[in-house]
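S.K.: All residue numbers for the sequence shown refer to this note's numbering, where the first residue is 12 and numbers rise by one.
Note that beta-carbon positions come from the ideal geometry of N, C-alpha and C, so glycine has one too.
Below is a structure I'd like to ask you about.
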Amino acid sequence: MKTHPTFCDGIARRDFLRIGAASVLGSSVTMPGLLEARARATAAGVAADKSDVSVIYVFLKGGLSTIDTFDLKPDAPSEIRGEFNPIASNVPGIQVGELIPRVAKQMDKFSLIRSFTHRSSDHGPADHYMLTGYFPGPGFNGGLKPNNHFPSFGSVIASRLGARGSVPPYVCLPMMHPSGGSSFLGASAVPFVIEADPNAPNFSVPDMAPPLSVEANRLEARRALLSQVDRYQKSAEAQANAGARNVSAFNQRAFDLMTSPQAKQAFNLGAEPGNLRDEYGRNTLGQSCLMARRLVEAGVRCVTVEHSNWDTHDGNFKSLKDQLLPKFDAAVSTLFRDLADRGMLGTTLVILSGEFGRTPRINKNAGRDHWGKCFTVGLGGGGIHGGRVAGSSDKYAESPAENPYGPEDLATTMYQLLGLNPREEMKTPEGRPVMLANNGRVISELL
Numbered sequence: 012m013k014t015h016p017t018f019c020d021g022i023a024r025r026d027f028l029r030i031g032a033a034s035v036l037g038s039s040v041t042m043p044g045l046l047e048a049r050a051r052a053t054a055a056g057v058a059a060d061k062s063d064v065s066v067i068y069v070f071l072k073g074g075l076s077t078i079d080t081f082d083l084k085p086d087a088p089s090e091i092r093g094e095f096n097p098i099a100s101n102v103p104g105i106q107v108g109e110l111i112p113r114v115a116k117q118m119d120k121f122s123l124i125r126s127f128t129h130r131s132s133d134h135g136p137a138d139h140y141m142l143t144g145y146f147p148g149p150g151f152n153g154g155l156k157p158n159n160h161f162p163s164f165g166s167v168i169a170s171r172l173g174a175r176g177s178v179p180p181y182v183c184l185p186m187m188h189p190s191g192g193s194s195f196l197g198a199s200a201v202p203f204v205i206e207a208d209p210n211a212p213n214f215s216v217p218d219m220a221p222p223l224s225v226e227a228n229r230l231e232a233r234r235a236l237l238s239q240v241d242r243y244q245k246s247a248e249a250q251a252n253a254g255a256r257n258v259s260a261f262n263q264r265a266f267d268l269m270t271s272p273q274a275k276q277a278f279n280l281g282a283e284p285g286n287l288r289d290e291y292g293r294n295t296l297g298q299s300c301l302m303a304r305r306l307v308e309a310g311v312r313c314v315t316v317e318h319s320n321w322d323t324h325d326g327n328f329k330s331l332k333d334q335l336l337p338k339f340d341a342a343v344s345t346l347f348r349d350l351a352d353r354g355m356l357g358t359t360l361v362i363l364s365g366e367f368g369r370t371p372r373i374n375k376n377a378g379r380d381h382w383g384k385c386f387t388v389g390l391g392g393g394g395i396h397g398g399r400v401a402g403s404s405d406k407y408a409e410s411p412a413e414n415p416y417g418p419e420d421l422a423t424t425m426y427q428l429l430g431l432n433p434r435e436e437m438k439t440p441e442g443r444p445v446m447l448a449n450n451g452r453v454i455s456e457l458l
């Protein structure tokens, strides 16, 4: 992968915890049985069994400018409305930005929350808030260490629902955000991280390809591979959860993943048709979304796709037009179409969001700055009705005009769609109870 520049806060985009850990828990299910269950999902996007729902979180690191994509203000003054015009989607009455025409044609498959809001416009705390549903506690240090962290959505899902078969329950790609880990839930809920670019010509999953080439019946050879699993013990996530580790179990889960034919097939992006890969886009975001669909199809419960850099303080419109939105348009539109065509939309909840939006007022550098006070989040599949809008923003998208929703509500809605009780309690190492969701409400307009 290419060298990544820094965000405006000076944190390098590659300064993330690098964890290659398998968290394989729970009872196994057969692939035919899994696919049969998924086939029961209706075209309206309702899962027959909530426990069969998976999550794909497309996290647009830096902050998507939703005033230029999903909540345009064409009647506002030029210093607010910007350079782009709205276009009609395939749902009457819902318009989106002209630079996402393919997404506009899939609007019937997902919905928008135009009144999303929270209390931070700083990358670190806002990231944590959007990836966990909890605002970080005092002393939060930007996410590079686990002080006052809460578990990520994926880790909560992994800890509560376990694995389906031999694939990990929670995967991050093409890297893991510092707030994407398991926090006090420990090693059993650590994500498996694909620390590689799925668009690279020589793409392979680090530390998986050599072991997966060994046949399962070659017992002694497989046991010899255990030394390679030691890297998992030394991962930053394991160090952060020293009191919760079970090294023997941790090793065994990593070992089982690395020797699983099911996992090998799930991570084999080269098995996809070339024309479909082209449709997703031959870039990191496009191939990551395709990999996410492939992993969910194999039984992974939660995939977090992180894509950078949406921090458009300078040249917002040029960056969106020339670099960011063409890739987003191809990847997201194809993801929704592909899930629907495969009968998977009813059992796959897709979340589209950055950590916040961008300022309504354009700055002196033709950019937009951080804005957590009001932005748009997209939700589709997994029990969400498509083609709806929840809430609204005011005339300049500065504040919610009605029905404000926040990260707590996103968490509550997601957990309910997964069949989890949002008020169920987790326990910190000190025995302090923490609910899965922090007293949020269900976004009922979308269900």
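Run through the DSSP bridge pairs and tell me what P272 is partnered with.
M.R.: Start at 1 with the first residue of the sequence shown, and residue 272 comes out as number 261. P272 pairs with nothing; no bridge assigned.
S.K.: So P310 and G176 are supposed to be a Cβ contact under 8 Å. How far apart are they, rounded?
M.R.: Along the sequence shown, read from residue 1 onward, the residue named residue 310 stands at position 299. Along the sequence shown, read from residue 1 onward, the residue named residue 176 stands at position 165. Checking the sequence, you will find Gly at residue 310 rather than Pro. That pair is a contact at about 5 Å.
S.K.: Alpha helix (DSSP H) containing Q470: first to last residue?
M.R.: Residue 470 cannot be examined here, being either before or after the span of the chain that is shown, 12 to 458.
S.K.: Taking the DSSP output, what are the residues bridged to K438?
M.R.: The residue labelled residue 438 in the question sits at position 427 within the sequence shown. Answer is P444.
S.K.: Mind checking E2: buried by the 16 CB within 10 Å criterion, or exposed?
M.R.: The shown model of the chain, from 12 to 458, leaves out residue 2, and the question about it has no answer.
S.K.: Can you tell which of G402, W382, M186 and L363 has its C-alpha closest to the C-alpha of T323?
M.R.: Taking the sequence shown and counting its residues from 1, one reaches residue 323 at position 312. T323 has its Cα closest to that of W382, out of G402, W382, M186 and L363.
S.K.: Please name the residue, chosen from G73, V69 and D63, that lies closest to S319 on a Cα-to-Cα basis.
M.R.: As a position in the sequence shown, residue 319 is number 308, starting the count at 1. Per the Cα distances, G73.
S.K.: Can you give me the start and stop residues for the beta strand (DSSP E) that T359 sits inside?
M.R.: Within the sequence shown, the letter at position 348 stands for residue 359. Its beta strand (DSSP E) spans residues T359 to S364.
S.K.: Under 9 Å between the Cβ atoms of G393 and T345?
M.R.: As a first step, residue 393 must be located in the sequence shown, where it is residue number 382. As a first step, residue 345 must be located in the sequence shown, where it is residue number 334. Against a cut-off of 9 Å, the Cβ pair of T345 and G393 comes out as no contact.
S.K.: Skipping 5 residues on each side, what residues in its chain have a beta carbon closer than 6 Å to that of A313?
M.R.: Here the question's residue 313 lines up with position 302 in the sequence shown. Before going further, note that residue 313 is Cys rather than Ala in the sequence given. Once the five neighbours on either side are set aside, the close Cβ partners of C313 are V66, G165, I168 and Y181.
S.K.: Note down the Cα distance separating F203 from V107, rounded to an integer number of angstroms.
M.R.: The residue labelled residue 203 in the question sits at position 192 within the sequence shown. The residue labelled residue 107 in the question sits at position 96 within the sequence shown. In a straight line, the C-alpha of F203 is about 35 Å away from that of V107.
S.K.: Taking buried to mean at least 16 other C-beta atoms within 10 Å of its own C-beta, is S76 buried or exposed?
M.R.: Counting from 1 along the sequence shown, the entry for residue 76 is found at position 65. Answer is buried; the Cβ neighbour count reaches 16.
S.K.: Check whether the Cβ of D138 sits closer than 8 Å to any heavy atom of the ligand SAH, and report yes or no.
M.R.: Among the components modelled here there is no ligand, and therefore nothing to report on the ligand SAH.
S.K.: What is the DSSP secondary structure of I395, reduced to helix, strand or coil?
M.R.: Position 384 of the sequence shown, counting from 1, holds the residue named residue 395. Looking at I395 - three-state DSSP - the assignment turns out to be strand.
S.K.: For a quick check, are the C-beta atoms of M437 and L196 less than 9 Å apart?
M.R.: Along the sequence shown, read from residue 1 onward, the residue named residue 437 stands at position 426. Along the sequence shown, read from residue 1 onward, the residue named residue 196 stands at position 185. Yes, these two residues count as a Cβ contact at 9 Å.
S.K.: Going by the beta-carbon positions, is the gap between M303 and V114 smaller than 9 Å?
M.R.: The residue labelled residue 303 in the question sits at position 292 within the sequence shown. The residue labelled residue 114 in the question sits at position 103 within the sequence shown. Looking at the sequence provided, one finds Ala at residue 303 rather than Met. No, the pair does not count as a contact, with Cβ atoms beyond the cut-off.
S.K.: So which of M187, G326 and K116 has the shortest CA-CA distance to D380?
M.R.: Counting from one through the sequence shown, the residue named residue 380 turns up at place 369. Ranking the options by Cα distance to D380, first place goes to G326.
S.K.: Per DSSP, Q106 is paired with what?
M.R.: Indexing the sequence shown from 1 puts residue 106 at position 95. DSSP, once it has assigned bridges, lists A99 as partnering Q106.
S.K.: For the beta strand (DSSP E) that contains L123, what are its first and last residues?
M.R.: Position 112 of the sequence shown, counted from the first residue, corresponds to residue 123. Here the beta strand (DSSP E) through L123 covers F121 to F127.
S.K.: Alpha carbon to alpha carbon, how far is L296 from N449? Give it in angstroms, no decimals.
M.R.: Translated into the one-based positions of the sequence shown, residue 449 becomes position 438. Translated into the one-based positions of the sequence shown, residue 296 becomes position 285. Going by the C-alpha atoms only, they are around 31 Å apart.
S.K.: Hey, could you find the ends of the beta strand (DSSP E) P411 is sitting in?
M.R.: Translated into the one-based positions of the sequence shown, residue 411 becomes position 400. P411 to E413 is the span of the beta strand (DSSP E), which, as asked, contains P411.
S.K.: DSSP state of L428, grouped into three classes?
M.R.: Position 417 of the sequence shown, counting from 1, holds the residue named residue 428. Helix.
S.K.: Give the straight-line distance between the Cα atoms of L428 and F121, rounded to the nearest whole angstrom.
M.R.: Start at 1 with the first residue of the sequence shown, and residue 428 comes out as number 417. Start at 1 with the first residue of the sequence shown, and residue 121 comes out as number 110. If I take the Cα positions, the gap works out to 15 Å.
S.K.: Once DSSP output is grouped into helix, strand and coil, what is the label at R483?
M.R.: In the structure as shown, the chain begins at 12 and stops at 458. Residue 483 is therefore absent and cannot be evaluated.
S.K.: Note the first and the last residue of the continuous alpha helix (DSSP H) segment covering Y407.
M.R.: Here the question's residue 407 lines up with position 396 in the sequence shown. Premise fails: Y407 is in no alpha helix (DSSP H) and is neither H nor E.
S.K.: Taking one C-beta from the segment 282-292 and one from the segment 330-343 each time, how about it: are there three or more such pairs within less than 8 Å?
M.R.: The segment 282-292, when compared against the segment 330-343, does touch it at the 8 Å Cβ threshold.
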